[in-house]
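> Here it is, the structure in full.
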Amino acid sequence: MENQVNGIAYELLCVIVNFGLGSKVLKTAKQSGVSGGTVFLGKGTIKNHLLELLGLYDIRKEIVLTIAEKKTVDKALEDLNKKFNFAKPNHGIAFTTSVANIIGARHCIDNKLKASGGGTNPMHNAIFTIVDRGMGETVVEAAEKAGSRGATIIHARGSGIHENSKLFSMVVEPEKDIVLILAEESLTEGIVASIRETLKIDKPGHGIIF
């Protein structure tokens with residue numbers, strides 16, 4: 002099923018790479034037309050006898066999330082693959098998934114969903130909210146007022162049209178909170194509305210919900 006927001010198909014691009022490459026991935030994606038994204042830390046595991054002998058069981062990863070129109074995401078994915086060569090072992094992985102709704106992005110302020118194709122509505126929806134560091138708890142409180150039973154807060158850093166600054170000629174990427182909420186279909190609209198109103202998501206630089 003293809004989801005559309007205001008008649009435009011949007012997709013989430015997720016790229017998982019080794020630690021230190023997240024900003025480079027995001028820079029390449031922005032050169033391909035993506036307006037911004039968020040990077041956060043992850044942890045991967047690998048079966049390697051030498052690494053086990055050295056006590057290196059966990060491999061640090063960086064996860065890059067960005068949303069754009071499908072055609073832009075397709076181009077970004079192609080450009081990223083050319084530069085980072087994901088087909089080679091241990092060079093990373095990239096995938097896309099459709100986005101049912103998006104609020105707070107410059108090019109798609111409203112949030113009317115159109116769905117085409119077969120299938121039925123899911124019983125639960127995943128709601129992602131990305132806000133400035135320290136505002137994650139406020140998002141959770143707003144969601145709970147609308148019936149949410151809990152959430153997960155992930156610390157990250159962001160790079161968008163309102164966010165980059167320079168210090169001594171170095172780009173500074175602001176710290177972010179990513180809030181993940183799994184909500185019943187019947188509660189999703191109310192939870193999103195509560196977060197949207199409480200955090201003033203429609204104002205530039207106040208965050209994004211998808």
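Be aware that the sequence shown starts at 2, since it is given in this note's numbering, and climbs by one per residue. Ideal Cβ positions, reconstructed from N, Cα and C, are used throughout, including at glycine.
Give me whichever residues DSSP pairs with GLY21 in a beta bridge.
For this step, residue 21 is matched to residue 20 along the sequence shown. Partner(s): none; GLY21 has no beta bridge.
> So, using beta-carbon positions, are ASP203 and GLY137 closer together than 8 Å?
In the sequence shown, the residue the question calls residue 203 occupies position 202. In the sequence shown, the residue the question calls residue 137 occupies position 136. Cβ distance not < 8 Å, so ASP203 and GLY137 don't count as in contact.
> Hey, how far is the Cα of SER195 from the Cα of LEU188?
Within the sequence shown, numbered from 1, the residue matching residue 195 stands at position 194. Within the sequence shown, numbered from 1, the residue matching residue 188 stands at position 187. If I take the Cα positions, the gap works out to 11 Å.
> Between the beta-carbon of THR73 and the beta-carbon of GLY34, is there less than 8 Å?
For the purposes of this step, residue 73 is identified with residue 72 of the sequence shown, where counting begins at 1. For the purposes of this step, residue 34 is identified with residue 33 of the sequence shown, where counting begins at 1. For THR73 and GLY34, yes; Cβs fall inside 8 Å.
> Taking the alpha-carbon of HIS156 as reference, which of ALA10, GLY43, THR67 and LEU27 has the nearest alpha-carbon?
If you number the sequence shown from 1, residue 156 lands on position 155. For the residues ALA10, GLY43, THR67 and LEU27, the minimum Cα distance to HIS156 belongs to GLY43.
> Counting only C-beta atoms, is VAL193 closer than 8 Å to chain D at any point?
Any reference to chain D falls outside this structure, which holds one protein chain only.
> Taking 8 Å as the threshold (C-beta atoms), are ILE131 and GLY208 in contact?
Your numbering for residue 208 matches position 207 in the sequence shown. Your numbering for residue 131 matches position 130 in the sequence shown. Yes.
> Got a sec, what are the start and stop residues for the alpha helix (DSSP H) PHE85 sits in?
Residue 85 sits at position 84 when you count from the first residue of the sequence shown. Where PHE85 is concerned, the enclosing alpha helix (DSSP H) stretches over 71 to 85.
> Mind checking ILE68: buried by the 16 CB within 10 Å criterion, or exposed?
Taking the first residue of the sequence shown as 1, we reach residue 68 at position 67. Under this definition ILE68 is a buried residue.
> Would DSSP call LEU99 helix, strand or coil?
For the purposes of this step, residue 99 is taken as the residue at position 98 of the sequence shown. The sequence shown places Ser at residue 99, not Leu. The answer is strand: DSSP assigns SER99 an E or B state.
> In angstroms with no decimal places, state the Cα-to-Cα distance between ASP133 and PRO175.
Taking the first residue of the sequence shown as position 1, residue 133 is located at position 132. Taking the first residue of the sequence shown as position 1, residue 175 is located at position 174. For ASP133 and PRO175, the distance between alpha carbons rounds to 8 Å.
> Are the Cβ atoms of GLU70 and ILE154 separated by less than 8 Å?
Counted from its first residue, the sequence shown places residue 70 at position 69. Counted from its first residue, the sequence shown places residue 154 at position 153. Result no, Cβ atoms of GLU70 and ILE154 do not sit closer than 8 Å.
> The alpha helix (DSSP H) with ARG188 in it runs from where to where?
On the sequence shown, residue 188 is found 187 positions in, with the first residue counted as 1. Note on identity: in this sequence residue 188 is Leu, with Arg being the wrong assignment. That run of the alpha helix (DSSP H) goes 186 to 199.
> When DSSP labels each residue in this structure, what does LYS31 get in the three-state scheme?
Counting from 1 along the sequence shown, the entry for residue 31 is found at position 30. DSSP places LYS31 in helix when its eight states are reduced to three.
> Is the beta carbon of PHE211 closer than 8 Å to that of ILE64?
As a position in the sequence shown, residue 64 is number 63, starting the count at 1. As a position in the sequence shown, residue 211 is number 210, starting the count at 1. Their beta carbons are not under 8 Å apart, which means ILE64 does not touch PHE211 by this criterion.
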